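Visitor: Following the UniProt record's numbering, the numbering of the sequence shown begins with 1 at its first residue and continues without gaps.
In this text, a Cβ means the ideal position worked out from N, Cα and C, and glycines have one as well.
All figures in this text were calculated on a predicted structure; none of them were measured in a lab.
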Amino acid sequence: MSTTVNAQVQDYATDAHLDQGVKDFLTVLNTSGGPGLETLSKEDARQVLVGAQEAFEVDLSGIDESEKTIHADGYDVKLNIVRPSGVKGELPVFVFIHGGGWILGDYPTHKRLVRDLVVRSGYVGVFVNYTPSPEAQFPVAINEIYAATKWVAEHGKEINVDGSRLAVVGNSVGGNMTAVTALKAKAENGPKIKAQILLWPVTDATFSQESYQKFASDRFLTVPIMKWMWDQYTTDPKERKSIYASPLQASIEELKGLPPAIIMVAENDILRDEGEAYGRKLDQAGVEVTTVRYNGTIHDFGLLNALADQPSTKAMLDHAAAELKKYLK
1 MSTTVNAQVQ
11 DYATDAHLDQ
21 GVKDFLTVLN
31 TSGGPGLETL
41 SKEDARQVLV
51 GAQEAFEVDL
61 SGIDESEKTI
71 HADGYDVKLN
81 IVRPSGVKGE
91 LPVFVFIHGG
101 GWILGDYPTH
111 KRLVRDLVVR
121 SGYVGVFVNY
131 TPSPEAQFPV
141 AINEIYAATK
151 WVAEHGKEIN
161 VDGSRLAVVG
171 NSVGGNMTAV
181 TALKAKAENG
191 PKIKAQILLW
201 PVTDATFSQE
211 SYQKFASDRF
221 LTVPIMKWMW
231 DQYTTDPKER
241 KSIYASPLQA
251 SIEELKGLPP
261 AIIMVAENDI
271 LRDEGEAYGR
281 KLDQAGVEVT
291 TVRYNGTIHD
301 FGLLNALADQ
311 PSTKAMLDHA
321 AAELKKYLK
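(1) Go through its chain and collect everything with a Cβ distance to W200's Cβ below 7 Å, but skip five positions before and after it.
(2) Do you know offhand how far L117's Cα is from S66's?
(3) Output needed for A182: all residues of its chain with C-beta closer than 6 Å, excluding positions within five of it in sequence on either side, in chain order.
(4) Enumerate in chain order the residues of its own chain whose CB-to-CB distance from Y294 is below 8 Å, with the five nearest sequence positions on each side excluded.
(5) Would you tell me roughly how many angstroms separate the C-alpha atoms of G122 and D73, rounded to the nearest one?
(6) When DSSP labels each residue in this structure, what does I252 get in the three-state scheme?
(7) Go ahead and pull the three-state DSSP assignment for T69.
(8) When the distance is taken between beta carbons, is E38 closer than 8 Å to P191?
(9) Please state the DSSP three-state secondary structure of R219.
(10) In the DSSP assignment, find the unbroken beta strand (DSSP E) run with E267 in it and report its ends.
(11) Identify every residue that forms a DSSP beta bridge with P84.
(12) Could you check whether the stretch 39 to 50 touches the stretch 97 to 117, counting it as contact only if at least three pairs of C-beta atoms, one from each stretch, sit closer than 8 Å?
(13) So what's D19 in DSSP terms, helix, strand or just coil?
(14) Is the beta carbon of I142 less than 8 Å from the beta carbon of Y233?
(15) Considering Cα atoms alone, identify which of I252, Y107 and V128 is closest to E54.
(16) Can you tell me the Cα-Cα spacing of A185 and G125, whole angstroms?
(17) Identify which residue in D218, A285 and L307 has its Cα closest to the Cα of N30.
(18) Can you grab the Cα-Cα spacing for the pair F56 / G36, in whole Å?
(19) For the stretch 147 to 215, which segments carrying the alpha helix (DSSP H) assignment without a break, of at least 4 residues, lie completely within its bounds, in sequence order?
(20) Straight-line CA distance for F215 to M177?
(21) Let me check one thing: in DSSP terms, what residues is G125 bridge-paired to?
(22) Using only alpha-carbon positions, find the residue among K238, Q8, V202 and D19 that is nearest to S98.
(23) For R112, which three-state DSSP category applies?
(24) Just to confirm before moving on: does the CB-CB distance between V161 and V93 stay below 8 Å?
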């Protein structure tokens, strides 16, 4: 299907499906006069997200942070370990896989989101610093993330976590790679993952869902940006159809037996429908799955510091933390 922006996209300023606080953010974004993210160099594009996140003061209290570089499966991967402040005992753990279209994002840009999940759940977050695109392309990031997840499961005591009580969590393309990590763990008889939490995930490379037409422009993540991001990750049609790039392409048999899944999507997001479609397919495969749509908001609402105080963001974080506690207790 064509990825041409649909002229019928409703004007965001008068769209009753957008919360007022989200509209205020979009007004600043859409009237800034800056070039499209997809037209920038990778360095400049990365700095856009850094600047957007640093522009807002957020609560980063209540955590203890450390770093560890591991060598696993031939990869050297740096982990940021985020613990509830002052808690010394061995705790359950979630591996956090960050978004940013495989190109953008790092621990500082995602620190508030990870911190909020750690503080709300009382568990440890392990942030994986995978190699971004285009420096590395499919499937390097996936292999690094899977290696890190296995390491946490097998060597958790080295970082004072219980690797047998393990979840994977990720936003956007991190949600994609969260789903893929669960698929790989099943296929390779790998670590026992208790739950997978997919936050507004990318699940397909076809750009064919209706939400791609309905929300194509002016809602933070646009069709041209998403197409550019995929192009940095892989342009190979066969790779794009791989279930390790597009988990929605997995067969029912390949999905059977996956860990319980929580999928959260935003109403006004081009990725909404593919996230919901993945949830439906997991259900058909007999996987325990809950899919929740947050009305009034946009892609990566849970990440953006500008939207950290929105009711939907706080509710989403409360829900995600409650699911972690349910499955990792």
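Guide: Taking the definition as stated:
(1) Here residue 200 refers to the residue found at position 200 of the sequence shown. Hits under 7 Å: N171, S172, G175, M264, V265, A266, D269, L271, G275, H299 and D300.
(2) Taking the sequence shown and counting its residues from 1, one reaches residue 117 at position 117. Taking the sequence shown and counting its residues from 1, one reaches residue 66 at position 66. Answer to the nearest angstrom: the Cα atoms are 17 Å apart.
(3) Locating residue 182 in the sequence shown gives position 182, counting from the first residue. Contacts found: I193, Q196, L258 and P259.
(4) Within the sequence shown, numbered from 1, the residue matching residue 294 stands at position 294. If we look at Y294 and ignore the five residues flanking it on each side, its Cβ neighbours are M264, V265, A266, E267, F301, S312, A315 and M316.
(5) Here residue 122 corresponds to residue number 122 of the sequence shown, with the count starting at 1. Here residue 73 corresponds to residue number 73 of the sequence shown, with the count starting at 1. Answer to the nearest angstrom: the Cα atoms are 30 Å apart.
(6) Working through the sequence shown from its first residue, we reach residue 252 at position 252. Helix at I252.
(7) Looking up residue 69 in the sequence shown gives position 69. Reduced to three states, the DSSP call for T69 is strand.
(8) Sequence index remark: in the sequence shown, residue 191 carries index 191 (1-based). Sequence index remark: in the sequence shown, residue 38 carries index 38 (1-based). No, these two residues do not count as a Cβ contact at 8 Å.
(9) Along the sequence shown, read from residue 1 onward, the residue named residue 219 stands at position 219. Reduced to three states, the DSSP call for R219 is coil.
(10) The sequence position of residue 267 within the sequence shown is 267, counting from 1. Looking at the DSSP string, the run of the beta strand (DSSP E) that includes E267 is A261 to N268.
(11) Position 84 of the sequence shown, counted from the first residue, corresponds to residue 84. Its beta-bridge partners are I63.
(12) yes
(13) As a position in the sequence shown, residue 19 is number 19, starting the count at 1. D19 falls in the coil class under three-state DSSP.
(14) For this step, residue 142 is matched to residue 142 along the sequence shown. For this step, residue 233 is matched to residue 233 along the sequence shown. It is not a contact, given that the beta carbons lie outside the stated cut-off.
(15) For the purposes of this step, residue 54 is taken as residue 54 along the sequence shown, with counting starting at 1. Ranking the options by Cα distance to E54, first place goes to Y107.
(16) Position 185 of the sequence shown, counted from the first residue, corresponds to residue 185. Position 125 of the sequence shown, counted from the first residue, corresponds to residue 125. Distance between the alpha carbons of A185 and G125 is about 19 Å.
(17) Along the sequence shown, read from residue 1 onward, the residue named residue 30 stands at position 30. Ranking D218, A285 and L307 by CA distance to the CA of N30 puts D218 first.
(18) In the sequence shown, counting from the first residue as 1, residue 56 sits at position 56. In the sequence shown, counting from the first residue as 1, residue 36 sits at position 36. One C-alpha to the other measures close to 22 Å.
(19) 173 to 187 and 210 to 214
(20) By 1-based counting over the sequence shown, the position of residue 215 is 215. By 1-based counting over the sequence shown, the position of residue 177 is 177. Within the model, the alpha-carbon separation for F215 versus M177 is close to 23 Å.
(21) Taking the sequence shown and counting its residues from 1, one reaches residue 125 at position 125. Answer by DSSP bridge pairing, in chain order: V82 and F94.
(22) For the purposes of this step, residue 98 is taken as the residue at position 98 of the sequence shown. Correcting the residue type first, residue 98 is His in the shown sequence and not Ser. Nearest option by C-alpha distance: V202.
(23) Counting from one through the sequence shown, the residue named residue 112 turns up at place 112. Here R112 sits in helix by DSSP.
(24) In the sequence shown, counting from the first residue as 1, residue 161 sits at position 161. In the sequence shown, counting from the first residue as 1, residue 93 sits at position 93. Yes. Within cutoff.
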